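Step one of this worksheet: look at the structure below.
2 protein chains.
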Amino acid sequence: MREVAIIGVGLTKFGELWDVSFRQMIVEAGAQAIEDANVDGKQIDAMYVGNMSAGQFIRQEHVASLIADHAGLVPIPCTRVEGACASGGLALRQAFIAVASGIHDIVVAAGIEKMTDILTEQTTEALATAADQEWEAQIGATFPGLYALMARRHMYEYGTTEEQMAMVAVKNHHNACFNPCAQYHMKITVEDVLNSAPVTYPLKLLDCSPITDGAACVILAPAEKARRFTDTPILIAGSGQASDTISLHDRPTLTGIRATTEAARVAYKMAGVGPRDIDLAEVHDCFTIAEIMAIEDLGFCKKGEGGRVTEQGETALGGRIPINTSGGLKGKGHPVGATGIAQAVEIVQQLRGEAGKRQVEGAEIGLTHNVGGTGGTAVVHIFKRGD
Amino acid sequence: MREVAIIGVGLTKFGELWDVSFRQMIVEAGAQAIEDANVDGKQIDAMYVGNMSAGQFIRQEHVASLIADHAGLVPIPCTRVEGACASGGLALRQAFIAVASGIHDIVVAAGIEKMTDILTEQTTEALATAADQEWEAQIGATFPGLYALMARRHMYEYGTTEEQMAMVAVKNHHNACFNPCAQYHMKITVEDVLNSAPVTYPLKLLDCSPITDGAACVILAPAEKARRFTDTPILIAGSGQASDTISLHDRPTLTGIRATTEAARVAYKMAGVGPRDIDLAEVHDCFTIAEIMAIEDLGFCKKGEGGRVTEQGETALGGRIPINTSGGLKGKGHPVGATGIAQAVEIVQQLRGEAGKRQVEGAEIGLTHNVGGTGGTAVVHIFKRGD
Chain A
1 MREVAIIGVG LTKFGELWDV SFRQMIVEAG AQAIEDANVD GKQIDAMYVG NMSAGQFIRQ
61 EHVASLIADH AGLVPIPCTR VEGACASGGL ALRQAFIAVA SGIHDIVVAA GIEKMTDILT
121 EQTTEALATA ADQEWEAQIG ATFPGLYALM ARRHMYEYGT TEEQMAMVAV KNHHNACFNP
181 CAQYHMKITV EDVLNSAPVT YPLKLLDCSP ITDGAACVIL APAEKARRFT DTPILIAGSG
241 QASDTISLHD RPTLTGIRAT TEAARVAYKM AGVGPRDIDL AEVHDCFTIA EIMAIEDLGF
301 CKKGEGGRVT EQGETALGGR IPINTSGGLK GKGHPVGATG IAQAVEIVQQ LRGEAGKRQV
361 EGAEIGLTHN VGGTGGTAVV HIFKRGD
Chain B
388 MREVAIIGVG LTKFGELWDV SFRQMIVEAG AQAIEDANVD GKQIDAMYVG NMSAGQFIRQ
448 EHVASLIADH AGLVPIPCTR VEGACASGGL ALRQAFIAVA SGIHDIVVAA GIEKMTDILT
508 EQTTEALATA ADQEWEAQIG ATFPGLYALM ARRHMYEYGT TEEQMAMVAV KNHHNACFNP
568 CAQYHMKITV EDVLNSAPVT YPLKLLDCSP ITDGAACVIL APAEKARRFT DTPILIAGSG
628 QASDTISLHD RPTLTGIRAT TEAARVAYKM AGVGPRDIDL AEVHDCFTIA EIMAIEDLGF
688 CKKGEGGRVT EQGETALGGR IPINTSGGLK GKGHPVGATG IAQAVEIVQQ LRGEAGKRQV
748 EGAEIGLTHN VGGTGGTAVV HIFKRGD
């Protein structure tokens, strides 16, 4: 397998983009990435796109063909991959494998979701199709409820508090204020979170990531050719993916995501690093409890201590291991199919030293962690500066 | 890149399977393939599944996790890929790339669609999401209408007749009678086709492939390890994929599919063979005109002669280049996400000499051709006997 580097990135504004269509968003992110990579569109050999459910959100399947068409990429191979909210991470992984294999050189990995073109209750229903339709969604167990079960058990087993969960949201909203693409530029307090509308105990509205439109794009090349395009190639040093039962009730534990642990194990091994070597990470904080579980499952702290290390500021900008400097899914927004790619965009910008007011000084190794459903799919990537 | 072989195949009965669920179908096809490959489930390293739209057909996204769960494959990486009716072919290609790259050894490529759990008019609407929603589907241009435009132009430019198109259906129904998994075991005549209910001129009901439930599965391994599992490994000698505009009206011609020509060019080059070396092929006959265009675009005859060579029996069992010995989409059935994998199952059975009454004697090289939409995506694979 060849070494693989990211040579360019692009990201749209995240938010409720009423005046921008699916096809406009992907073209915007793609054009940014092509310019950033100093690549001619004709040099691109293939594209993978992560998208959870354009079929339900905009009544459009076959989106890879649509994107190839509107991005001027015809006739190259363009393939959609889907793993619910991990779709973006899966697209990155397929692009990585394609370049590593030698079958393609310059490969685009994109992610996109247009979520606000249908009614909010339809959105919740569409998202619930990432859960087990027969055993979970049809009996009303949508994602806030499922993650609330995990939160309750985490509180019971480890004494995690509602305040600690709220601190995840406070931190990520803080970080999002420094990210021009973020959906929210709105600082919040622990009290704001605790007093926000109850969704499903113990989760309040401000514990939940929002509904978001957005697209993201990265361009990959063999590491040996990357410096033809950029002075700051970022290596993909590790890639891990794992699955678990789609239903929460079939798992031996509710307080962690086994697919995360397994995907991380594979990615760490491939990269030849461990959790202590990671300078910063973008993790899948679809709900605040999800970030607490993620930093435990990824090995940044012991199981059960995620709430405490958050409270102690270890995951804040300037802390021991800054988490979700982009604002995360909570502050930056969560266009489900785009999230995994947007995470990679943030890590690339950080490792290049281009993250502005949210820059982690001296960052050399970063990690992304993208989850589908309640953990039926997880993908972990590890990135290193290419010098 | 490593050489890749298929070591096992599995296929459910195709048809309107009212009493079988999505998860039962995939487990059945998978178990067959595992047994056929003499593989222990624990030896499987990854899975790709082609599925067009479980989100619309059974309100279930994240199907790779669901399948990993129900097939007992947790925690290995399981990824859904989608390219409308080419989803199966894309899954095979991703599995091929994964094994060729060296990142995984034993990889499952599966395809599945459960289409009959919703009303027929909803099925047509769901399938139309593979066309451009804004420029085609929303104005009523569903697939029979779009392929009818192609048929009309082919008739105008090349003199192709309704009778010649009907002969495609007659041949494929004939072949399907010898395939125990086929949806139809019903011989038809040219008169039956011409007298069947008009759908959209010039296409009649029997020019159209049916709505089908079904699942298919193949298991891939590095060629160097394949003989540990089977005495008859079938090599994947070539893999090509291409895209085109999703909308028909944006293309310079209606009488062929450019993505087919391009995907075939790449696959032939990789395999080091040409159209004359192919002993038999499974092509994407979603409508009878599609088979006529496919055999032209793949180089089995000159452009415009597809109708004539069909009439002359060249594509029949025992003819110069037998096409769709399985019965094709028309006779075997077309569970959209499964079709690309089911095509590979047929070619593997033929190259092993296990195709019973539909066996092409001495077949050594076979080809599969899988199309998404009206040709926004096409995938071509070339298979060789591994001895």
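Just so you know, the protein sequences line up as chains A and B, in that order.
The working numbering puts the last residue of the first sequence at 387; the count rises by one with no breaks.
The working numbering puts the last residue of the second sequence at 774; the count rises by one with no breaks.
Don't be surprised by glycine CBs; every beta carbon is placed ideally from N, CA and C.
Every value quoted in this text rests on a predicted model; they were computed, and no experiment measured them.
- Neighbours of residue 460 of chain B across chain A, judged by C-beta separation under 8 Å: 243.
- By the neighbour-count definition (other C-beta atoms within 10 Å, threshold 16), residue 639 of chain B is an exposed residue.
- Within the same chain, 12 come within 6 Å of residue 28 of chain A by CB-CB distance, once the 5 residues on both sides are set aside.
- In this structure, residue 726 of chain B keeps its C-beta atom at 8 Å or more from the C-beta atom of residue 470 of chain B.
- Between the alpha carbons of residue 341 of chain A and residue 218 of chain A lies a distance of about 7 Å.
- Cβ atoms of residue 199 of chain A and residue 166 of chain A stay farther apart than 8 Å, at about 13 Å.
- In the structure shown, residue 705 of chain B falls within a coil segment according to DSSP collapsed to helix, strand and coil.
- Under the criterion of beta carbons closer than 8 Å, residue 76 of chain A and residue 46 of chain A qualify as touching, at roughly 6 Å.
- If you ignore the 5 residues before and after residue 536 of chain B, its C-beta comes within less than 8 Å of the C-beta of 635, 641, all in its own chain and listed in chain order.
- DSSP places residue 444 of chain B inside the alpha helix (DSSP H), whose first and last residues are 441-444.
- Think of a sphere of 9 Å around the beta carbon of residue 578 of chain B: no beta carbon from chain A falls inside it, the nearest being about 36 Å out.
- Residue pairing by DSSP places residue 213 of chain A opposite A/15 in a beta bridge.
- Closest in alpha carbon position to residue 287 of chain A, among A/164, A/222, A/178, A/136, is A/164.
- Taking a Cβ-Cβ cut-off of 8 Å, residue 41 of chain A has no neighbours in chain B, whose nearest Cβ is about 13 Å from it.
- Under the Cβ distance rule, residue 539 of chain B does not count among the residues neighbouring chain A, no pair being separated by less than 8 Å.
- Distance from the CA atom of residue 449 of chain B to the CA atom of residue 497 of chain B, rounded to whole angstroms, is 15 Å.
- Chain A has no Cβ within less than 8 Å of the Cβ of residue 392 of chain B.
- At a cut-off of 8 Å, the C-beta of residue 456 of chain B has a neighbouring C-beta in chain A.
- In terms of CA proximity to residue 43 of chain A, A/228 leads the group A/367, A/290, A/228.
- Distances from the CA of residue 119 of chain A to each of A/262, A/184, A/16 were compared; the closest alpha carbon is that of A/16.
- Shown here, residue 395 of chain B sits in a strand according to DSSP, grouped into three states.
- Ranked by how close their Cα comes to the Cα of residue 456 of chain B, the residues B/413, B/487, B/632 have B/413 in first place.
- A residue is called buried when at least 16 other Cβ atoms come within 10 angstroms of its Cβ; residue 224 of chain A does not meet this threshold and is exposed.
- Residues of chain A whose Cβ lies closer than 9 Å to the Cβ of residue 464 of chain B are, in chain order, 90, 93, 240, 241, 242, 243, 263, 266, 377, 379.
- Using a 10 angstroms sphere on the CB of residue 51 of chain A, the tally of other CB atoms reaches 16 or more, which defines it as buried.
- When Cβ-Cβ separations below 8 Å define contact, residue 596 of chain B makes no contact with chain A.
- For residue 491 of chain B, same chain residues with a beta-carbon under 6 Å away, outside a window of 5 residues either side, are 432, 433, 485 in chain order.
- In the displayed model, residue 298 of chain A falls within coil according to three-state DSSP, outside both helix and strand.
- The CB of residue 1 of chain A comes closer than 8 Å to the CB of 488, 489, 490 in chain B, given here in chain order.
- A Cβ-Cβ contact shorter than 8 Å links residue 336 of chain A with residue 113 of chain A.
- Nearest neighbour of residue 628 of chain B by Cα position, chosen from A/60, A/125, A/74, turns out to be A/74.
- Within the same chain, and ignoring the five residues on either side of residue 226 of chain A in sequence, the residues whose Cβ sits closer than 7 Å to its Cβ are 5, 7, 233, 386.
- Taking the beta carbon of residue 526 of chain B as reference, no residue of chain A falls within 9 Å; the closest one sits roughly 13 Å away.
- A Cβ-Cβ contact shorter than 8 Å links residue 281 of chain A with residue 366 of chain A.
- For the set B/528, B/643, B/626, B/454, the Cα lying nearest the Cα of residue 544 of chain B is the one of B/643.
- In the assembly as shown, residue 139 of chain A is an exposed residue. Its beta-carbon has fewer than 16 other beta-carbons within 10 Å.
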